[in-house]
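Per the working numbering: the sequence shown = residues 3 to 389.
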Amino acid sequence: MSDSNPPGQFSLNAEQHAIRDLALSFATGQLAPHALRWDRDKYFPRDVIRSSAALGFGGVCVAEDVGGSALSRLEGVLIYDSLATACPCIAGYFSVHNMVASVIDRFGTEQQRKQWLPRMCRFDLLGAYCLSEPSSGSDAAALSTRAVHDGGAYVLNGVKQFISGAGDADVYIVMARTGAPGPRGISAFIVEKGTEGLTFGPVEKKMGWNAQATRQVILEDVRVPAENLLGVEGTGFRIALSALDGGRLNIAACSLGGARTALGKAAAYLKERIAFGHPLAEFQALQFRLADMITELEVAQTFLWRAASALDAKESNAPILCAMAKRFVTDAGFDIANQALQLFGGYGYLTDYGIEKIVRDLRVHQILEGTNEIMRVIIARNLLDPR
Ligand SMILES: Cc1cc2nc3c(=O)[nH]c(=O)nc-3n(C[C@H](O)[C@H](O)[C@H](O)COP(=O)(O)OP(=O)(O)OC[C@H]3O[C@@H](n4cnc5c(N)ncnc54)[C@H](O)[C@@H]3O)c2cc1C
């Protein structure tokens, strides 16, 4: 981790600029030229993702002793933002994988860390995070997948819904019930692809995020060794929520990067496109639109950096700030991208211009990692009933 900036400082230090430049260069060279094709063909670019391991993107916030980059949350945000300028969907998968790696790093035993993380940091193994179920999304603590202790193993049965990377991923963090109803009856397990009884549903057809599969994860009498329990029984929900603090920052960063590209494309287009004898950029109504869009983007970035810094500093209100950032930045990012599409007129609706993909990709950021309504529930609860 580089020296953190003093509180109140809103600029990046030299090392953070270098991290961002590295990610931007990878995004521009390796992701951007292919993003539209991957979206069209629903192609998951595993090899390209793996090639970024040399840059340290396989274990962004993971400790160095197991091959991680040990970067701060703020530095992670810079990376996901930069990757998303090329493809919010693939940047989103980097976020999911890293969320899983960070969970094992933070809550795993030494044996678990050494067993999984070096290969995850090299992207030899990919991660998936399995909390949602067909009947419990927002109300995740009501999950019904069961894990029963049986000798030296746990036997898991249940279905996980909407799992990003399912089928392609190798390491599944599965939240399952080992005890009574409610959050304290939930435990977290590491389940390896190939374990008998672990299968996947068909690839879901969806509006965006097409370059990574979303599938059900189906567990039928899946026996996992007792050593694959993360933490102790009953702490799985706390682990799941704590992972989401960072995940929410990352997904917000993916919205920021997508919106940044959409705005850049729109500004360039307004200078080229002639209507009524003038470039569109000369119409003040459209200039004002651009001015508002870039202002929103800057506000969103500033607040996201604030929330990330709070998580780095382990401030007690960091989870609330992460929820606020997720809500605000993903809403702002979608609005900016959608307005950029409008500024392109009919061409914005055509696939080749690359704007409609950004709008489709950013739309789901308002839903996953906890919907933006659930972010408001968290924020309002804290305001009305602080603990
Ligand atoms: C493409 C994609 C990828 C995903 N990837 C993953 C993944 O990798 N791992 C994973 O575990 N999950 C994943 N999810 C699931 C995602 O986190 C859930 O879809 C989300 O949490 C919402 O749950 P739900 O779909 O069951 O909606 P519901 O919980 O049924 O909610 C329906 C609507 O009601 C609203 N609502 C619910 N409760 C309240 C309330 N108390 N107050 C106000 N409004 C409320 C919601 O905001 C929403 O608008 C993914 C989803 C998608 C679409």
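We put the CB at the ideal spot given by N, CA and C, even for glycine.
- If you look at K273, you'll find it in the alpha helix (DSSP H) that goes 238-274.
- Spanning the alpha carbons of I360 and C89 requires a straight line of approximately 8 Å.
- Between the C-alpha atoms of C63 and R240 there is a straight-line separation of about 19 Å.
- Straight-line spacing of the CA atoms in Q113 and L299 works out to 43 Å.
- In this structure, the C-beta of I106 stays at least 7 Å away from each heavy atom of ligand 1.
- If you look at A190, you'll find it in the beta strand (DSSP E) that goes 188-194.
- Taken in chain order, the whole alpha helix (DSSP H) runs of length 4 or more contained in the stretch 148-193 number zero.
- C-alpha of L232 to C-alpha of T263: approximately 39 Å in a straight line.
- Where E222 is concerned, the enclosing beta strand (DSSP E) starts and stops at 216-227.
- Beta bridge pairing from DSSP links C132 with V176.
- By the criterion of a C-beta distance shorter than 6 Å, A55 is surrounded in its chain by R124, F125, once the five residues flanking it on both sides are discounted.
- Runs of the alpha helix (DSSP H) lying entirely within the stretch 19-67, each at least 4 residues long, are 37-43, 48-53 in chain order.
- Relative to the non-hydrogen atoms of ligand 1, the Cβ of V205 never comes closer than 7 Å to any of them.
- Linking P183 to Y355 through their CA atoms gives a straight-line distance of about 49 Å.
- In the DSSP annotation of this structure, the continuous segment of the alpha helix (DSSP H) that includes F305 starts and ends at 286-314.
- Assignment of L323 by DSSP, reduced to helix, strand and coil, places it in the helix class.
- Relative to ligand 1, D141 has its C-beta within less than 7 Å of a heavy atom.
- Measuring C-alpha to C-alpha distances from L26 to each of L282, H367, D294, G260 identifies G260 as the nearest.
- In this structure the stretch 263-279 does not lie against the stretch 205-223, because fewer than three pairs of beta carbons, one per stretch, are closer than 8 Å.
- Between I188 and G238, the gap from beta carbon to beta carbon is short of 8 Å.
- Exposed is the label assigned to R378, since fewer than 16 other Cβ atoms lie within 10 Å of its Cβ.
- Assignment of A213 by DSSP, reduced to helix, strand and coil, places it in the coil class.
- Distances from the CA of H19 to each of T373, I81, A268, K44 were compared; the closest alpha carbon is that of I81.
- Judged by DSSP in its simplified three-state form, A277 adopts strand.
- Residues of the same chain with a CB within less than 7 Å of the CB of G203, apart from the 5 flanking positions on each side, are R217, Q218, I220 in chain order.
- Less than 8 Å separates the beta-carbon of G69 from that of P120.
- Annotation for Q163: S134, E135, P136, G139, Q218 place their beta carbon closer than 8 Å to its own, counting only its chain and skipping 5 residues before and after.
- P321 and A171 have their alpha carbons spaced roughly 27 Å apart.
- Residues of the same chain with a CB within less than 8 Å of the CB of R365, apart from the 5 flanking positions on each side, are M209, G210, F336 in chain order.
- Using a Cβ-Cβ distance cut-off of 8 Å, the stretch 275-289 and the stretch 326-343 are not in contact, since fewer than three pairs of beta carbons, one from each stretch, lie closer than that value.
- Burial is judged here by how many other beta carbons sit within 10 angstroms of a residue's own beta carbon; T87 has at least 16 and is buried.
- CA-to-CA, the gap between K207 and V193 works out to about 25 Å.
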